[in-house]
Amino acid sequence: MNSGDDPTPLRPPWAATIAAYRPERSPGATSLAVGAVSASTLDPQTQQVRLALRVVIHLHRLGPLLPDDTARPESTQRGMARSLGVTQGAVSKVLARLAAVDVVGHARHHVRGESRRMQAYFLTARGAYLASQGVQRFPNPNVLA
Amino acid sequence: MENAASRELDSRTRPTRRRARTERPISSIRVGAVLLIAVALTILTGAGSGSARAATTNLDRSGAGSATNLTTVVDLNGGQNYLALGLSYDGFYNVTNTSFPDLLNGTAAGQLGFPNRSVLELAPQLNYMYGHDSGLVMFDGGNSTQWEISADAVTSAEFNGDGVSFYFMLTPVSTVSWSPDAYVATVAPGGSGIAPCSGDLIFPFSTTPYVVVQWEPAYVSAYCAIGYDGEFNVFEVAPGPGGVVNASSITTVGPIGNNTTFAPGVHDVFNVTASFNATSDELREVVADASVSTVMASVALNLTTLGDAPLSAPASTHLAVAESSSERTGWGLTYVGDASSPLPVNTTLPPPGPTPVFTANYTTVVNLNGGQNYLAPGLSYNGFYNLTNLSFPVLLTANAASQLGFANRSVLELAPQLNYTYGHDTGLVMFDGGSSAQWELSADAVTSNEFNGDGVAFYFMLTPVSTLSWNQDVYVANVSAYAGLDQCSGDVIFPYSTTPYFVVQWEPAYQAGYCGQGSSGEFNVFSVNPPPSGVVSSGSIVGVVGPIGNESSGVPGPHDVFNVTVGYRVAGNEMEARVVDTNTSTILSYAALDLAEANYLPPDQAAIPAHLAVAGGASDRTGWGITFAGYSTWTETNGTTPPGTPPDCFLSPTVPTVTSPTPLGSGTAARTSPLVAVAAAVSAGLAVSALAVVAVRRRRLRREGEELVAGMSRLISEGDSPRRPP
Chain A
1 MNSGDDPTPL RPPWAATIAA YRPERSPGAT SLAVGAVSAS TLDPQTQQVR LALRVVIHLH
61 RLGPLLPDDT ARPESTQRGM ARSLGVTQGA VSKVLARLAA VDVVGHARHH VRGESRRMQA
121 YFLTARGAYL ASQGVQRFPN PNVLA
Chain B
1 MENAASRELD SRTRPTRRRA RTERPISSIR VGAVLLIAVA LTILTGAGSG SARAATTNLD
61 RSGAGSATNL TTVVDLNGGQ NYLALGLSYD GFYNVTNTSF PDLLNGTAAG QLGFPNRSVL
121 ELAPQLNYMY GHDSGLVMFD GGNSTQWEIS ADAVTSAEFN GDGVSFYFML TPVSTVSWSP
181 DAYVATVAPG GSGIAPCSGD LIFPFSTTPY VVVQWEPAYV SAYCAIGYDG EFNVFEVAPG
241 PGGVVNASSI TTVGPIGNNT TFAPGVHDVF NVTASFNATS DELREVVADA SVSTVMASVA
301 LNLTTLGDAP LSAPASTHLA VAESSSERTG WGLTYVGDAS SPLPVNTTLP PPGPTPVFTA
361 NYTTVVNLNG GQNYLAPGLS YNGFYNLTNL SFPVLLTANA ASQLGFANRS VLELAPQLNY
421 TYGHDTGLVM FDGGSSAQWE LSADAVTSNE FNGDGVAFYF MLTPVSTLSW NQDVYVANVS
481 AYAGLDQCSG DVIFPYSTTP YFVVQWEPAY QAGYCGQGSS GEFNVFSVNP PPSGVVSSGS
541 IVGVVGPIGN ESSGVPGPHD VFNVTVGYRV AGNEMEARVV DTNTSTILSY AALDLAEANY
601 LPPDQAAIPA HLAVAGGASD RTGWGITFAG YSTWTETNGT TPPGTPPDCF LSPTVPTVTS
661 PTPLGSGTAA RTSPLVAVAA AVSAGLAVSA LAVVAVRRRR LRREGEELVA GMSRLISEGD
721 SPRRPP
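If you read the sequences in order, they're chains A and B. Counting in the working numbering, the first sequence runs from 1 upward without gaps. Counting in the working numbering, the second sequence runs from 1 upward without gaps.
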């Protein structure tokens, strides 16, 4: 045998399982419906949606980025994270997803204040459309934070 | 490394089961209920003698009308919870600590990846490892000489793996102990012709010879195969004294069966029916899509073709249904029935065709193992440096290697052990891979004193512009910035080339060191399409996919040696990559990809570029060297597959090891059969490397991206709903 596991005594196969896989209910599952809500109390997916919208609006405010432009530091992952007050990892995840569906694009640019070229992000047409709608609904996107 | 692997696996796979088991006391009520239902059904059907055979119901699933003695063994369809009395179970587990088969109710099945219906779970949906958890259900087939077993088999939320198997004429030694009374074999290397990706199969100990027929849909779908000439393997098992089964007890043939191109999907239900006539030695099996009642695959075989004496039926035989160990595919049953007279298989079954045999032609290009100092003539080198002013690769003697952080052995240093800076010094070694349509490039990669950084990269289809100018004929990119890739991806060197090429980067930093933990894979793939001048720039990198692959189960350490192998075949435009810890022969990481997903199109068959290369990853405080590099091409020696078509699972089961003897002085030092024989022992676990995972991160990103966009659109149209009063 290729395993050192001890054998278990015979038991009917149903003995272990049927009730064992009962769904677990989270005691806080209904809490979102009441009271003031901050982003930290939202589920991760909702948080990510809100961050995505903030990112899109943020890039919208930075304006277009042409191939030979020197990018603003806020258009890099690090700069965006700093501006939005979130971690670079969170921004990176959102950007990856948005880039995968052509909401944002990215290219290596000279960045103001940086010695080497870095990836800078910009909105695509799809992203610009989303951003224009988002800005109308959330003139102050900080409410999404 | 094995311990690390176990810990890694534990942390990912066991919690669910542990949680499940903590609630076991509650199950006693349900157990009683199930037993009650089973007993009641048994009584209602006039059975109840304690034998599965006696528990015949009036469920005629065959549609054969007067078919004789159809016995239902398991029926979980239509709200029934019928398990015949007298069933016995056995299995093997080393991951979940759960004794499969497990009976899942609808909710439990839904949570564990199956459709929301009751299922007798034979194998859980887990990432593959050798000795995957799976179980079999056995029942008394009576004293007939012909049987037919029919089962409705259900896939879970993913399909990547192996199918179900049927056993005829077992006389089990014991049915009371999981694992010790069965032999688990990786069946791929067991017999000539059986393809890799066959997975692990349980062979119960038995005091009589028996027959197993394995339906293996992975041969025609998922990552493993495209268009293999059959989906079935047949095993004739002649146990030794005491019923003990081992590798020498098993005679195999496969893959056989008619051609099929169907691909199982998730939550599919298949009716699989196998019949065996012990008098004529005829074995048949048919797989039908249960939803459309369409025959998807079938096979017919006379066992005398295996060359063994015909089997004689024992006085009382057991039949069984089991699951082949799967890669991320759970299998369950909703129905099992058997007939002691074979039902006609109303299908015209073509005779099995000859099995193609492929021979690998090995070429060693670098071998510094065992005191050798072999660098094949005609190798060319290139690289990038801005710190050391050295043109890597650098050949280090053992003494020099030990001073520079490597173990005391000769090393072809690809990247030095330095603190990271953009444009880290690194080099690559290139060689002509010859005229072929399929390669497998393998290298033994060695870490230095520390492990903190990036791994090695493999290049296919290069046509280098020049091999003489360091820093000038290469483009170096920090690939962390590419969308989708994890940070810490490091720098990758992209040589200038007049033909499109692709790069497979093994990036262990994703799982180890300061950077990793949590990435879903360890490989990045880059597609490069240079302009006619061959000068690569950022715009030439037209496709990036990563990280992909199964989650690594190992953490590199200082002075570790890894065998990294990447295969590519033009025909399918597919690549496979795996990393093996050469100390333990453990597969640490695996990935496969249809390169079209990386925007890489296969070259024109008439003008296939042939250069291959290995480069060091630009690393943070990790030096990388190689002690061995070689490649193989494949040729077919017989069979039905058109010449030039590579085998389906093309990563060779034989892995060049650090002890491999290679003749000096020849650029094409053939690897001889003794080496293959030695490596074959290792390959038992490696051949199923092909059973590992394809994790196409890009596809997931797209899906998640669309979800994000949908969420944003909702948020925009509905406003900040959480702030509204409840």
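The C-beta atom is built at its ideal place from N, Cα and C for all residues, glycine as well.
Contact between the segment 555-571 of chain B and the segment 428-445 of chain B is present: 3 or more CB-CB pairs across the two stretches fall below 8 Å. The shortest C-alpha to C-alpha distance from B/GLY332 to any of B/HIS611, B/VAL570, B/PHE100 and B/LEU120 is the one to B/LEU120.
For the C-beta of B/GLU706, the chain A residues within less than 9 Å are, from N- to C-terminus, ARG97, ALA100 and VAL101. The beta carbon of B/VAL580 sits no closer than 8 Å to any beta carbon of chain A.
Less than 8 Å divides the Cβ of B/GLY257 from the Cβ of B/GLY230. Here DSSP, grouped into helix, strand and coil, assigns B/VAL272 to strand. Below the 9 Å Cβ cutoff, chain A contributes no neighbours of B/VAL465, its closest Cβ being approximately 22 Å away. In the three-state DSSP reduction, B/VAL456 falls in the strand class (E or B). The DSSP assignment places complete beta strand (DSSP E) segments of no fewer than 3 residues inside the segment 545-628 of chain B at 561-569, 574-581, 586-594 and 611-616, in order along the chain. Chain B has no Cβ within less than 8 Å of the Cβ of A/ARG82.
In this structure B/TRP470 does not touch B/TYR600 by the C-beta definition: roughly 27 Å separates them, more than the 8 Å allowed.
According to DSSP, residue pairing for B/HIS318 in a beta bridge involves B/ASP140 and B/LEU170. Annotation: B/HIS267 is outside any beta strand (DSSP E) and is labelled neither H nor E by DSSP. Taking the C-beta atoms as reference points, A/ARG78 is found no nearer than 8 Å to A/VAL103. For A/GLY105, the enclosing beta strand (DSSP E) covers residues 104-109.
By the beta-carbon neighbour count (other beta carbons within 10 angstroms, threshold 16), B/TYR381 is buried. Taking each of B/ASP560, B/GLN214, B/SER312 and B/VAL536 in turn and checking the Cα distance to B/SER144, the smallest one comes out for B/SER312.
In this structure B/VAL234 touches B/VAL213 by the C-beta definition: roughly 5 Å separates them, less than 8 Å. Annotation for A/ARG50: the continuous alpha helix (DSSP H) segment containing it runs 44-62. In the DSSP assignment, A/ARG78 is bridged to no other residue. Straight across, the Cα-Cα distance linking B/ASP425 with B/ASN478 is about 13 Å. For A/ARG61, the closest Cβ of chain B is not nearer than 8 Å. Separation of B/TYR510 and B/GLY337 (C-alpha to C-alpha, rounded to the nearest whole angstrom) is 48 Å.
Put simply, of B/GLY383, B/THR397 and B/PHE502 the residue whose alpha carbon is nearest the alpha carbon of B/LEU428 is B/GLY383. In the DSSP assignment, B/GLN111 falls within the unbroken alpha helix (DSSP H) covering 106-111. Under the DSSP assignment, B/ALA288 falls outside any alpha helix (DSSP H), being part of the beta strand (DSSP E) whose first and last residues are 282-289. Shown here for B/ALA322: same chain residues with a beta carbon closer than 6 Å to its own, the five before and five after excluded, namely LEU136, SER165 and ILE202 in chain order. Neighbours of B/LEU701 in chain A, taken as residues whose beta carbon is under 7 Å from its own, are ALA96, ARG97 and ALA100 in chain order.
For B/PRO101 against B/TYR89, the beta-carbon gap comes to about 6 Å, under 8 Å, which counts as contact. Within chain A, the residues placing a beta-carbon under 8 Å from that of B/GLY719 are ARG137, ordered along the chain.
Between the segment 360-377 of chain B and the segment 452-465 of chain B, the count of Cβ pairs shorter than 8 Å is below three; the stretches do not touch. Under the Cβ distance rule, B/SER538 counts among the residues neighbouring chain A, one pair being separated by less than 8 Å. In this structure, B/GLY490 and B/GLY617 form a Cβ contact; the two beta carbons are roughly 5 Å apart against a cut-off of 8 Å. Among the CB atoms of chain B, one or more fall inside 8 Å of the CB of A/ALA52.
Here the alpha carbons of B/PRO547 and B/GLU707 stand approximately 20 Å from one another. DSSP places A/SER92 in the uninterrupted alpha helix (DSSP H) bounded by 88-100.
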